[in-house]
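*Asks:* Here it is, the structure in full.
Chains as they are written, first to last, in the working numbering: chain A, 1 to 278; chain B, 279 to 779.
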């Protein structure tokens with residue numbers, strides 16, 4: 001990887017100081033993704049910081065609540081602007097900060113500059129590794145066939161398509177098989193999934209069919225919202241397919257059971273009554 | 279009053295559509311017929327992206343000076359012997375059309391495919407006033423026989439299969455042999471063509487829409503594949519063009535750039551089969567219509583002079599253009615102005631995962647899919663059409679294929695903002711969002727409460743990876759399982775393992 005890319009823009013020679021925005025979904029539901037992101041960043045020579053964080057404001061923004069979006073954006077800006085980079089293991093939250101924050105504060109003489117500066121140094125995780133840090137391979141092993149779903153915001157707002165495939169190709173034992181319509185929406189759409197559940201269901205059902213038809217054992221993507229939607233549908237259909245965030249595989253952190261699943265050990269341990277030793 | 283809307287019952291419309299197996303089967307044609315062809319056509323034209331940028335600038339410029347171009351266009355049409363009528367709303371547009379028909383004692387009018395005449399509800403109005411409209415575009419003809427509205431802006435009958443069409447033809451074309459074979463698509467086409475040929479010949483007035491109006495020359499353009507539009511506008515004594523104000527383009531050069539995008543984005547053709555330019559009525563000759571053969575060597579100027587002296591050999595005696603506003607001028611200068619760049623190619627709906635599931639009728643008014651979800655609230659009000667801009671996953675595929683680079687998701691979001699400001703969205707959504715925002719604005723309280731909540735959810739789901747039902751999340755779990763969280767939040771675990779960095 002290029003040496004100069006490792007330097008912090010503020011202090012030449014020092015490791016870049018990366019603020020990890022885990023996203024509210026990863027924070028609450030699946031911390032493994034956050035740790036996988038941190039490992040990938042540290043392996044690439046960054047120091048990783050986790051400032052206090054809640055949500056980027058996307059749910060409010062997409063539901064027309066501009067005031068709450070601005071409040072949450074300001075909170076993000078204040079907490080994350082001291083760092084060299086902001087890295088997000090999600091294309092839609094990354095896109096919210098890098099594409100939509102400047103829109104939210106456009107024309108505001110006090111805040112437009114701050115929003116634009118944060119936007120300029122905010123990146124989705126995988127594209128940050130490849131496009132900014134110049135990472136071309138990872139040292140991970142994953143035995144099996146996987147298929148990759150291109151989440152919409154990452155694909156169309158941020159141009160993320162080749163980057164995850166390039167890194168996945170370097171994972172020992174992994175083979176990538178493309179499914180039909182891998183670039184078509186999974187039907188999640190944030191609150192769309194509950195506001196128009198019936199339509200969302202039809203869309204994700206088709207996604208599940210395409211994923212299963214690929215005969216991959218594991219379905220990967222870069223956005224936890226899409227992943228929870230697809231995993232939820234696959235498991236409702238009784239499919240055995242595993243679903244994981246792409247960062248878990250790239251970081252070799254697949255000891256955590258796939259989304260919506262338990263390992264037999266963990267199940268046994270958790271269901272053991274308190275006070276008894278297994 | 280424009281055409282009737284059922285956009286307010288979008289959810290019920292969509293439920294009905296998705297329960298109709300025949301419809302959902304037929305709708306697969308949208309994905310099969312348009313997506314790959316558009317992609318191929320776009321990829322084969324190296325300057326496609328540059329053309330999109332130019333086309334956007336051409337339309338932005340036109341919209342910024344629309345008043346001037348409309349005036350220039352009107353002057354050019356008048357100079358070429360035609361008439362321009364400005365209609366503020368649907369009612370005026372219908373009345374002007376009827377007056378033209380009555381003046382010439384019209385009994386039958388043929389119609390080329392036109393979304394604007396659908397918007398103003400022209401057919402029902404003409405019929406109620408003793409004038410019979412006959413749709414001559416095959417798709418429009420089929421849905422007219424069925425008393426339906428178009429379900430797609432360039433393929434109005436895309437929701438039907440050929441067996442349904444066969445049964446409609448047998449029901450209506452009772453003068454034909456009952457034992458005829460109509461199993462092939464071509465036999466259906468041949469039959470429609472024969473029936474329509476008679477209509478073309480007896481029509482008193484021909485009504486078309488316009489894909490573009492050119493200010494420089496006072497020309498209207500229609501872009502078609504069947505040739506029916508040409509027969510509609512050339513054979514009757516009177517040609518009426520109905521078009522909305524945003525069809526304006528300054529020059530022939532401008533329109534030739536946009537035309538290179540239109541068919542490629544719509545059907546994946548390089549050009550549609552017919553691109554027809556109409557400028558004024560048939561020109562009368564200064565002399566008798568005797569044709570002198572002329573010599574092979576005569577130059578172009580002389581040839582033109584001779585043509586002027588002789589006059590046109592065909593074309594309508596009267597040429598009228600009705601320019602409709604119907605709410606569009608209110609979009610100028612506002613956050614929905616970009617929507618007026620739309621050239622009605624339908625690429626947005628062809629690529630829309632929601633449209634693919636529910637089809638066009640569920641949207642409840644004339645314009646379906648993403649372009650309709652922005653335009654419909656502008657034209658009939660967000661109170662009536664509030665569902666449409668919400669029924670999108672914001673996947674952005676529409677914007678990525680729009681030849682005019684219209685930021686469709688962004689404008690749907692603007693509608694959601696208007697609804698939020700006016701408290702039009704459901705109370706439960708507002709309270710849910712408000713409660714979430716209360717915590718999200720307070721990072722310490724948020725961290726504490728998510729820590730407790732995730733631990734509780736983990737306990738509740740212990741030993742299982744997923745919930746098949748979850749209190750407060752039934753809208754999710756009705757269709758899919760909800761993953762049990764890992765139990766500890768990322769921030770808490772990070773703090774515990776790494777300390778505060």
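Just so you know, even glycine gets a beta-carbon here, dropped at the ideal spot from N, CA and C. All figures in this text were calculated on a predicted structure; none of them were measured in a lab.
Short of 7 Å Cβ to Cβ, which residues in the segment 626-648 of chain B face chain A?
*Replies:* 631, 632, 635, 636
*Asks:* In three-state DSSP terms, what is residue 83 of chain A?
*Replies:* coil
*Asks:* So with CB distances below 7 Å, who are the chain A contacts of residue 759 of chain B?
*Replies:* 232, 235, 236, 260
*Asks:* Tell me, please, which residues DSSP counts as bridged to residue 557 of chain B.
*Replies:* Paired residue(s): none; residue 557 of chain B is not in a bridge.
*Asks:* Look at the Cβ atom of residue 543 of chain B, then the Cβ atom of residue 625 of chain B, and state whether they are nearer than 8 Å.
*Replies:* Cβ atoms of residue 543 of chain B and residue 625 of chain B: closer than 8 Å.
*Asks:* How would you call residue 730 of chain B, buried or exposed, if buried means at least 16 neighbouring beta carbons within 10 angstroms?
*Replies:* Within 10 angstroms of the beta-carbon of residue 730 of chain B lie fewer than 16 other beta-carbons, which makes it exposed.
*Asks:* Ordered along the chain, which non-local residues of its own chain (more than five positions away) have a Cβ less than 6 Å from that of residue 768 of chain B?
*Replies:* none
*Asks:* Give the straight-line distance between the Cα atoms of residue 86 of chain A and residue 430 of chain B, rounded to the nearest whole angstrom.
*Replies:* 43 Å
*Asks:* For residue 724 of chain B, would you say it is in contact with chain A, using Cβ-to-Cβ distances shorter than 8 Å as the test?
*Replies:* yes
*Asks:* Would you mind giving the Cβ-Cβ distance between residue 96 of chain A and residue 61 of chain A, rounded to the nearest angstrom? I have them listed as a contact below 8 Å.
*Replies:* Indeed, because the Cβ distance is near 7 Å, the residues count as touching under 8 Å.
*Asks:* DSSP three-state call for residue 296 of chain B: helix, strand or coil?
*Replies:* It is helical.
*Asks:* Does chain B have any CB closer than 8 Å to the CB of residue 185 of chain A?
*Replies:* So yes, residue 185 of chain A belongs to the interface.
*Asks:* How big is the Cα-Cα spacing for residue 269 of chain A and residue 256 of chain A?
*Replies:* 14 Å
*Asks:* Would you report the Cα separation of residue 288 of chain B and residue 614 of chain B, rounded to the nearest angstrom?
*Replies:* 22 Å
*Asks:* Could you check if residue 660 of chain B is buried or exposed, using at least 16 other CB atoms within 10 Å of its CB as the buried criterion?
*Replies:* buried
*Asks:* In or out: residue 569 of chain B buried (at least 16 other Cβ within 10 Å) or exposed?
*Replies:* Confidence at residue 569 of chain B is low in this model, with a pLDDT of 48, below 50, so its placement is unreliable and no value can be given for it.
*Asks:* Starting from the C-beta of residue 48 of chain A, find all residues in its chain whose C-beta is less than 7 Å away, skip the five residues before and the five after it, and write them out in chain order.
*Replies:* Closer than 7 Å at the Cβ level, and outside the excluded window around residue 48 of chain A, lie 18, 20, 38, 41, 42.
*Asks:* For chain B, check one thing: does any of its Cβ atoms lie closer than 8 Å to the Cβ of residue 199 of chain A?
*Replies:* yes
*Asks:* So, for residue 305 of chain B: in the same chain, excluding its five sequence neighbours on each side, which residues have a beta-carbon less than 7 Å away from its beta-carbon?
*Replies:* 437, 634, 637
*Asks:* Determine the DSSP secondary structure at residue 282 of chain B, reduced to helix, strand or coil.
*Replies:* DSSP places residue 282 of chain B in coil when its eight states are reduced to three.
*Asks:* With a threshold of 8 Å between beta-carbons, can residue 732 of chain B be considered close to chain A, or not?
*Replies:* yes
*Asks:* If the criterion is Cβ atoms closer than 8 Å, does the pair residue 207 of chain A and residue 186 of chain A meet it?
*Replies:* yes
*Asks:* Report yes if the CB atom of residue 73 of chain A is closer than 8 Å to the CB atom of residue 104 of chain A, and no otherwise.
*Replies:* yes
*Asks:* With 7 Å as the C-beta to C-beta threshold (strictly closer), list the residues of the segment 762-777 of chain B near chain A in chain order.
*Replies:* 763, 764, 766, 767, 768, 769, 771, 772
*Asks:* Identify, in the order they occur along the chain, each residue of the same chain with its Cβ nearer than 7 Å to the Cβ of residue 320 of chain B, setting aside the five sequence neighbours on each side.
*Replies:* Same-chain partners within the cutoff: 326, 542.
*Asks:* Going along the chain, which residues of its own chain have a beta-carbon closer than 6 Å to the beta-carbon of residue 665 of chain B, five neighbours each way excluded?
*Replies:* 288
*Asks:* Alpha carbon to alpha carbon, what distance is there between residue 149 of chain A and residue 112 of chain A?
*Replies:* 34 Å
*Asks:* Which residues in chain A sit within 7 Å of residue 695 of chain B, going by Cβ to Cβ distance?
*Replies:* 64, 66
*Asks:* Output, in sequence order along the chain, the residues in the segment 650-680 of chain B whose CB is closer than 8 Å to any CB in chain A.
*Replies:* Listed in sequence order: 668, 669, 670, 671, 672, 673, 674, 675, 677, 678.
*Asks:* How would you write the range of the beta strand (DSSP E) that residue 492 of chain B sits in, first residue to last?
*Replies:* 490-492
*Asks:* Within its chain, find whatever has a CB closer than 6 Å to the CB of residue 679 of chain B; leave out the 5 residues flanking it on each side and keep chain order.
*Replies:* For residue 679 of chain B, where only same-chain residues beyond five positions count, the Cβ hits under 6 Å are 625, 629.
*Asks:* Please state whether DSSP places residue 322 of chain B in a helix, a strand or coil.
*Replies:* coil
*Asks:* Among residues of its own chain, excluding the 5 on either side of residue 764 of chain B, which ones have a beta-carbon nearer than 8 Å to its beta-carbon?
*Replies:* 732, 736
*Asks:* Could you check which residue in B:545, B:523, B:473 has the C-alpha nearest to that of residue 501 of chain B?
*Replies:* B:545
*Asks:* With DSSP as the reference, label residue 459 of chain B as helix, strand or coil.
*Replies:* coil
*Asks:* I'd like to confirm the pairing. Which residues does DSSP put opposite residue 124 of chain A in its beta bridges?
*Replies:* Residue pairing of residue 124 of chain A in beta bridges, as defined by DSSP: A:88.
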